[in-house]
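Structure, as structure tokens:
The following block contains the structure:
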């Protein structure tokens, strides 16, 4: 008795699954798009085209061409047309090996071909007459040239980004290495805040006016262009800086375009652990700095302090790992974490706080800048001014205090205890006590506090790629960061402060799902769904 239907090993069963998966993934993409905000994305992939000829320059049709990703072993195949031209599209930025074979010609094999994001590269192949079992191999590294696009751009590779020096390790810091880029409204990016790195300008455009893409998905806030989230530098395989937008796929920007491409897993396991440390104890002193433990007696303490190296400590550390999740099914993963810890000192600056006598309503020795006593008036005596219609007058608590000058005091210039508002009294008690002598006449500028704060930052990047076959692949990526800036308030240690800090929290995330189906070189279905958010909140004390 025969079973009806398709057995797991039948050709029909193998054919139906890719289309079923494509339909389901497309429906999912459509559903997600309807459920959230629409994000206009650009492709971040590469393409390769060229002409296959013989040694005389004549085109060779029907040449079998295979392009293999040297990291994931993914292979794409095509055949040259009647004019000898071949084309491969929607290729992940990576290093490839190409093989071309035809009857009557030696097999051509070339390795280490680097394809960059947003590049339409061209690589022409020349076959030599001979047996196809004979292979001509080329192994020299080569970056295929883009001869199809008018885009002016530069690409920073993963090696460049990890080896070029940076103050704060953020991939966007290297945008300023390009000739067309200049510092924007935030100045040189030297703080661990993602938004400061998106303030650059390209070819004189408005600061924050350039588009920043992460795997082809928008990575900036729609209102003012601030960066949503930046991946760790070690998570980026390449970054392309485009200083013009001639290509029609780029829109919604008045400046250039920066496109970062994240790393994916491969057929073998790879990982790294790193720690970048900055510590003033390891820094050299400036040429005018104080290299000795004792200061010149002829200098004041303030002058000696100005010669010391400023205190600075920052620790930026992390790890990443990538490899196969299910090698036989071409399922790969990549994950990364990066933390940053930076303590610092904060100075409240010189402030004025109420003295103990003033908290109790005693203003018998409180003076104005001109030296006159700050006379207290009784609000219960408020009455219309007969000499100035529409104006009001009040009587002093003690009329004998009017006209008293420093250093004389007036014992009657006191608010009666029964008339002190309880709410006002409670507010006064929230201020810290003076710790400076203050102005000799007014008593102002009597408080200053130097305290410690810190910046905490954590980044997470995770990506999973599935290569079903040479025509169908998809991936999902999640990037998030949580930065918390803990500053001491101006009146550190006051009664309203239950904790030591006022906290500025700045979390952000971006999730991307991509699906690519290429049934033929002339038909490509590329679906990209993105969700991103950046929240900023401040938790401050009452004072």
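In the numbering used here, the protein residues as written are 3 to 545.
The beta carbon of each residue, even a glycine, is placed where N, CA and C say it ideally should be.
Beta strand (DSSP E) segment containing residue i, residue limits
{"i": "residue 487", "result": "474-489"}
{"i": "residue 396", "result": "394-398"}
{"i": "residue 525", "result": "525-536"}
{"i": "residue 93", "result": "87-93"}
{"i": "residue 435", "result": "First-last for residue 435: undefined, no H or E at that position."}
{"i": "residue 49", "result": "48-56"}
{"i": "residue 241", "result": "238-244"}
{"i": "residue 383", "result": "379-386"}
Residues bridged to residue i (per DSSP)
{"i": "residue 422", "result": "None, per the DSSP bridge assignment."}
{"i": "residue 68", "result": "79, 101"}
{"i": "residue 465", "result": "336, 479"}
{"i": "residue 276", "result": "320"}
{"i": "residue 346", "result": "455"}
{"i": "residue 215", "result": "220, 261"}
{"i": "residue 131", "result": "107"}
{"i": "residue 514", "result": "479, 532"}
{"i": "residue 353", "result": "449"}
{"i": "residue 157", "result": "242"}
{"i": "residue 328", "result": "333"}
{"i": "residue 519", "result": "474, 527"}
{"i": "residue 416", "result": "364"}
{"i": "residue 375", "result": "369"}
Residue i - containing alpha helix (DSSP H), residue span
{"i": "residue 121", "result": "No alpha helix (DSSP H) holds residue 121; DSSP gives it neither H nor E."}
{"i": "residue 359", "result": "358-361"}
{"i": "residue 165", "result": "160-165"}
Whole-number beta carbon distance between residue j and residue i, since they are thought to touch under 8 Å
{"i": "residue 81", "j": "residue 67", "result": "7 Å"}
{"i": "residue 201", "j": "residue 218", "result": "The pair is not a contact, with the Cβ atoms about 22 Å apart (cut-off 8 Å)."}
{"i": "residue 266", "j": "residue 98", "result": "That pair is no contact at about 14 Å."}
{"i": "residue 415", "j": "residue 443", "result": "In fact, because the Cβ distance is near 16 Å, the residues do not count as touching under 8 Å."}
{"i": "residue 57", "j": "residue 130", "result": "6 Å"}
{"i": "residue 155", "j": "residue 245", "result": "7 Å"}
{"i": "residue 538", "j": "residue 508", "result": "5 Å"}
{"i": "residue 269", "j": "residue 322", "result": "17 Å between Cβ atoms; not a contact."}
Cutoff 6 Å; reference residue i; Cβ partners in own chain excluding five residues on either side
{"i": "residue 241", "result": "158, 173, 262"}
{"i": "residue 526", "result": "91, 92, 520"}
{"i": "residue 318", "result": "171, 278, 342"}
{"i": "residue 344", "result": "316, 457"}
{"i": "residue 9", "result": "Only weak support exists for where residue 9 lies, its pLDDT of 33 falling under 50; the coordinates are left without a value."}
{"i": "residue 382", "result": "none"}
{"i": "residue 272", "result": "324"}
{"i": "residue 483", "result": "231, 461, 510"}
{"i": "residue 37", "result": "Confidence in residue 37 is poor, its pLDDT being 35 and thus under 50, which makes the residue's placement unreliable; the coordinate value appears in the next sentence. Once the five neighbours on either side are set aside, residue 37 has no close Cβ partner at all."}
{"i": "residue 515", "result": "478, 531"}
{"i": "residue 203", "result": "184, 186, 209"}
8 Å Cβ shell around residue i - same chain, five flanking residues per side excluded
{"i": "residue 126", "result": "52, 53, 54, 55"}
{"i": "residue 447", "result": "352, 353, 354, 438, 440, 441"}
{"i": "residue 501", "result": "Low per-residue confidence applies at residue 501: pLDDT is 47, beneath 50, and the placement is therefore not dependable, though the value from the model is reported in the following sentence. Hits under 8 Å: none found."}
{"i": "residue 1", "result": "In this structure the chain extends from 3 to 545, so residue 1 is not present and cannot be described."}
{"i": "residue 72", "result": "96, 97, 98, 99, 113, 114"}
{"i": "residue 83", "result": "63"}
{"i": "residue 226", "result": "210"}
{"i": "residue 175", "result": "168, 169, 191, 199"}
{"i": "residue 327", "result": "267, 333, 334, 335, 466"}
Cβ neighbours of residue i in the same chain (closer than 7 Å, five flanking residues each side left out)
{"i": "residue 422", "result": "363"}
{"i": "residue 50", "result": "69, 90, 93, 117, 123, 125, 146"}
{"i": "residue 374", "result": "407"}
{"i": "residue 413", "result": "366"}
Distance cut-off 6 Å: residue i Cβ against heavy atoms of the ligand ZN
{"i": "residue 402", "result": "For the structure depicted, the ligand ZN is absent and the ligand set is empty, with no information on it obtainable."}
At a cut of 8 Å, does the region 251-270 reach the region 354-368 through at least three beta carbon pairs?
Short answer: they don't touch.
With a cut-off of 8 Å, do at least 3 Cβ pairs link the region 421-432 to the region 310-327?
As far as the Cβ criterion goes, the region 421-432 does not touch the region 310-327, which means the pair count is below three.
Are the region 225-242 and the region 280-288 touching by the rule of at least three beta carbon pairs closer than 8 Å?
The answer is no - the region 280-288 does not touch the region 225-242, with fewer than three Cβ pairs under 8 Å.
Pairs of beta-carbons, one from the region 386-401 and one from the region 468-478, closer than 8 Å: are there three or more?
The answer is no - the region 468-478 does not touch the region 386-401, with fewer than three Cβ pairs under 8 Å.
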